[in-house]
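Have a look at the structure below before the remarks.
There are 2 protein chains.
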Amino acid sequence: MAQVVLASNNVKKLAELQRILAPLVPGVEVLGLGDVAAYDEPAETEATFEGNALIKARAALAATGLPSLADDSGLCVDELNGMPGVLSARWSAGVVASGAERGVVDATNNRLLLGQLGDVPDGRRGARFRCVVALCVPGGVEVVESGEMPGRILREERGAGGFGYDPLFAADGHEVSTAELSVEDKDRISHRGEALRRIAPHVARVLT
Amino acid sequence: MAQVVLASNNVKKLAELQRILAPLVPGVEVLGLGDVAAYDEPAETEATFEGNALIKARAALAATGLPSLADDSGLCVDELNGMPGVLSARWSAGVVASGAERGVVDATNNRLLLGQLGDVPDGRRGARFRCVVALCVPGGVEVVESGEMPGRILREERGAGGFGYDPLFAADGHEVSTAELSVEDKDRISHRGEALRRIAPHVARVLT
Numbered sequence: 000m001a002q003v004v005l006a007s008n009n010v011k012k013l014a015e016l017q018r019i020l021a022p023l024v025p026g027v028e029v030l031g032l033g034d035v036a037a038y039d040e041p042a043e044t045e046a047t048f049e050g051n052a053l054i055k056a057r058a059a060l061a062a063t064g065l066p067s068l069a070d071d072s073g074l075c076v077d078e079l080n081g082m083p084g085v086l087s088a089r090w091s092a093g094v095v096a097s098g099a100e101r102g103v104v105d106a107t108n109n110r111l112l113l114g115q116l117g118d119v120p121d122g123r124r125g126a127r128f129r130c131v132v133a134l135c136v137p138g139g140v141e142v143v144e145s146g147e148m149p150g151r152i153l154r155e156e157r158g159a160g161g162f163g164y165d166p167l168f169a170a171d172g173h174e175v176s177t178a179e180l181s182v183e184d185k186d187r188i189s190h191r192g193e194a195l196r197r198i199a200p201h202v203a204r205v206l207t
Numbered sequence: 000m001a002q003v004v005l006a007s008n009n010v011k012k013l014a015e016l017q018r019i020l021a022p023l024v025p026g027v028e029v030l031g032l033g034d035v036a037a038y039d040e041p042a043e044t045e046a047t048f049e050g051n052a053l054i055k056a057r058a059a060l061a062a063t064g065l066p067s068l069a070d071d072s073g074l075c076v077d078e079l080n081g082m083p084g085v086l087s088a089r090w091s092a093g094v095v096a097s098g099a100e101r102g103v104v105d106a107t108n109n110r111l112l113l114g115q116l117g118d119v120p121d122g123r124r125g126a127r128f129r130c131v132v133a134l135c136v137p138g139g140v141e142v143v144e145s146g147e148m149p150g151r152i153l154r155e156e157r158g159a160g161g162f163g164y165d166p167l168f169a170a171d172g173h174e175v176s177t178a179e180l181s182v183e184d185k186d187r188i189s190h191r192g193e194a195l196r197r198i199a200p201h202v203a204r205v206l207t
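Which chain is which? The protein sequence lines are A and B, in order.
Under numbering that gives the first Met the number 0, the letters of the first sequence match residues 0 to 207, in that order.
Under numbering that gives the first Met the number 0, the letters of the second sequence match residues 0 to 207, in that order.
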């Protein structure tokens with residue numbers, strides 16, 4: 000059976016990628032990177048989601064020899080000129096946390112963002128989640144696709160689902176945060192769902 | 000003797016404004032706001048330096064009845080799409096600190112910025128300090144001028160002078176940080192020096 004590796008050490012993101020992608024590519028086994036190889040996440044030194052997604056997918060391909068898919072995503076806040084953007088996961092900490100520390104850093108990131116927007120009135124709290132996925136295949140084929148979810152930053156955390164900034168973000172047309180949505184509802188509207196639906200035909204084409 | 004009030008509760012910024020402006024407007028007494036009136040700094044809710052400088056100058060005029068000058072300034076980092084910008088003083092804290100807390104918040108802001116730029120290589124650490132000064136005079140005259148100082152973000156704090164992000168910033172053409180410059184050298188190249196030199200003729204014109 001053809002296999003594709005998802006290059007992420009973020010357990011919650013990995014679960015989300017896997018649950019969205021698997022049904023889109025029947026006949027392809029969707030592996031987490033931890034199932035395949037020991038792997039140090041490379042430094043995400045690019046200034047764009049595209050650049051960082053490619054860094055991660057190329058590193059996973061190099062480590063495993065298997066077709067690899069990586070996500071780089073983040074929250075772009077209008078009032079912060081599109082930041083935290085590529086720095087979303089390390090907005091408060093400077094480094095990307097892993098394992099159990101990830102939850103602590105998520106909470107600290109959320110508190111920092113709320114503070115930075117403390118004086119910002121409701122009409123100026125627009126934001127969007129962006130996701131770029133890169134597929135790198137042995138032999139040199141590389142494909143990049145993206146998705147986004149527009150919405151706004153809430154005034155307090157809401158909900159226990161999701162991860163990252165989800166508790167602070169309400170998508171356009173929704174009163175609740177993306178941490179309060181069912182996974183089905185979230186995946187249908189999310190930046191990650193959109194990006195994966197766009198990349199899925201490429202995965203199917205190169206692998207089956 | 001004609002008087003102008005500098006609208007700031009930041010002791011170090013006030014000293015800098017006073018030392019630059021006084022010699023530029025001979026015959027005008029340059030007062031700190033604390034010398035004139037009890038004053039709660041208004042919320043800086045605008046998205047631009049111009050807007051916030053005007054909020055502060057208008058509030059000081061309303062509180063004192065005297066011609067009032069306010070500064071709004073900050074550090075605009077290329078890699079952060081121009082942020083922290085108007086949020087510079089509250090980048091890590093959400094609120095603007097005063098008195099002794101200001102030094103603690105400065106240190107926390109600096110640490111946060113260093114962390115956010117941790118992975119950013121030397122060639123992408125460009126930044127500029129911007130300063131906008133607003134003069135509001137009884138009767139309705141309002142004048143706004145600005146200045147900037149381009150440079151780059153260092154990899155560690157250097158020097159004990161200045162305030163805010165000074166220890167992390169080296170101006171173009173300088174190896175040392177703006178916290179290591181003499182006050183004369185700093186004022187000659189600084190965003191605040193430039194803005195005040197531009198507004199000084201207006202102060203002189205309306206007051207003398």
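Ideal Cβ positions, reconstructed from N, Cα and C, are used throughout, including at glycine.
Problem - Other residues of its chain near Val35 of chain A: CB distance less than 6 Å, five sequence neighbours each side excluded - result: Val4 and Thr63
Handout entry: Extent of the continuous alpha helix (DSSP H) run through Arg197 of chain A
Key = His190 to Leu206
Handout entry: Proximity winner among B:Met0, B:Glu28, B:Tyr38 and B:Gly26, relative to Ala6 of chain B (alpha-carbon distances)
Key = B:Tyr38
Exercise for the section: Look at the alpha carbon of Lys30 of chain B and the alpha carbon of Ser72 of chain B, and state the distance between them as a whole number of angstroms. Expected result: Note that residue 30 of chain B is Leu in the sequence shown here, rather than Lys. The straight-line gap from Cα to Cα measures roughly 20 Å.
Problem - At least 3 beta-carbon pairs within less than 8 Å: the region 132-152 of chain B vs the region 167-183 of chain B - result: yes
Exercise for the section: Let me know the secondary structure DSSP gives Leu116 of chain B once reduced to three states. Expected result: coil
Handout entry: Cβ-based burial, Gly122 of chain A [other Cβ within 10 Å; buried from 16]
Key = exposed
Practice task
Evaluate Ser189 of chain B with the Cβ neighbour count: other Cβ atoms within 10 Å of its Cβ, from every protein chain shown; 16 or more gives buried, anything less gives exposed.
Solution key: buried
Handout entry: Whether Pro41 of chain A touches Lys55 of chain A by CB criterion (8 Å)
Key = yes
Problem - C-alpha gap between Cys75 of chain B and Glu183 of chain A, whole angstroms - result: 40 Å
Problem - Beta-carbon proximity of Gly93 of chain A to Gly117 of chain B, cut-off 8 Å - result: yes
Handout entry: Residues from the region 104-138 of chain A in contact with chain B, defined by Cβ distance under 9 Å
Key = Arg110, Leu111, Leu113, Gly114, Gln115, Leu116, Gly117, Asp118, Val119, Pro120 and Arg123
Exercise for the section: Verify whether the separation of the beta carbon atoms of Asp70 of chain A and Cys135 of chain A is less than 8 Å. Expected result: no
Handout entry: Alpha-carbon to alpha-carbon, Ser145 of chain B and Ile198 of chain B
Key = 8 Å
Problem - Where Pro66 of chain B sits in the DSSP three-state scheme - result: coil
Practice task
Determine the DSSP secondary structure at Pro41 of chain B, reduced to helix, strand or coil.
Solution key: coil
Exercise for the section: Give the secondary structure of Glu78 of chain A by DSSP, where H, G and I count as helix, E and B as strand, and everything else as coil. Expected result: helix
Practice task
Give the residues of chain A in contact with Ser91 of chain B, contact being defined as C-beta atoms less than 9 Å apart.
Solution key: Ser91, Leu111, Gly114 and Gln115
Problem - Contact set between the region 8-41 of chain A and chain B, restricted to residues whose Cβ is under 7 Å from the partner - result: none
Handout entry: Gly98 of chain B versus Leu111 of chain B - alpha carbon distance
Key = 21 Å
Practice task
Note down, in chain order, every chain A residue with its Cβ under 8 Å from the Cβ of Phe206 of chain B.
Solution key: A quick correction: the sequence has Leu, not Phe, at residue 206 of chain B. By Cβ distance, chain A contributes nothing, its closest Cβ being about 32 Å from Leu206 of chain B, past 8 Å.
Handout entry: Gln115 of chain B vs Leu79 of chain B beta-carbon contact at 8 Å
Key = yes
Handout entry: Selected residue, minimal CA-CA separation from Ala61 of chain B, among B:Gly138, B:Arg204, B:Ala169 and B:Tyr164
Key = B:Gly138
Handout entry: Chain-ordered chain A contacts of Leu86 of chain B [CB-CB under 7 Å]
Key = Gln115
Handout entry: Closer than 8 Å at the beta carbon, the chain A residues around Thr44 of chain B
Key = Asp118, Val119 and Pro120
Practice task
Look at Glu179 of chain A and Gly158 of chain A and say whether their C-beta atoms are less than 8 Å apart.
Solution key: yes
Problem - Residue-chain proximity (Glu100 of chain A, chain B), Cβ-Cβ < 8 Å - result: no
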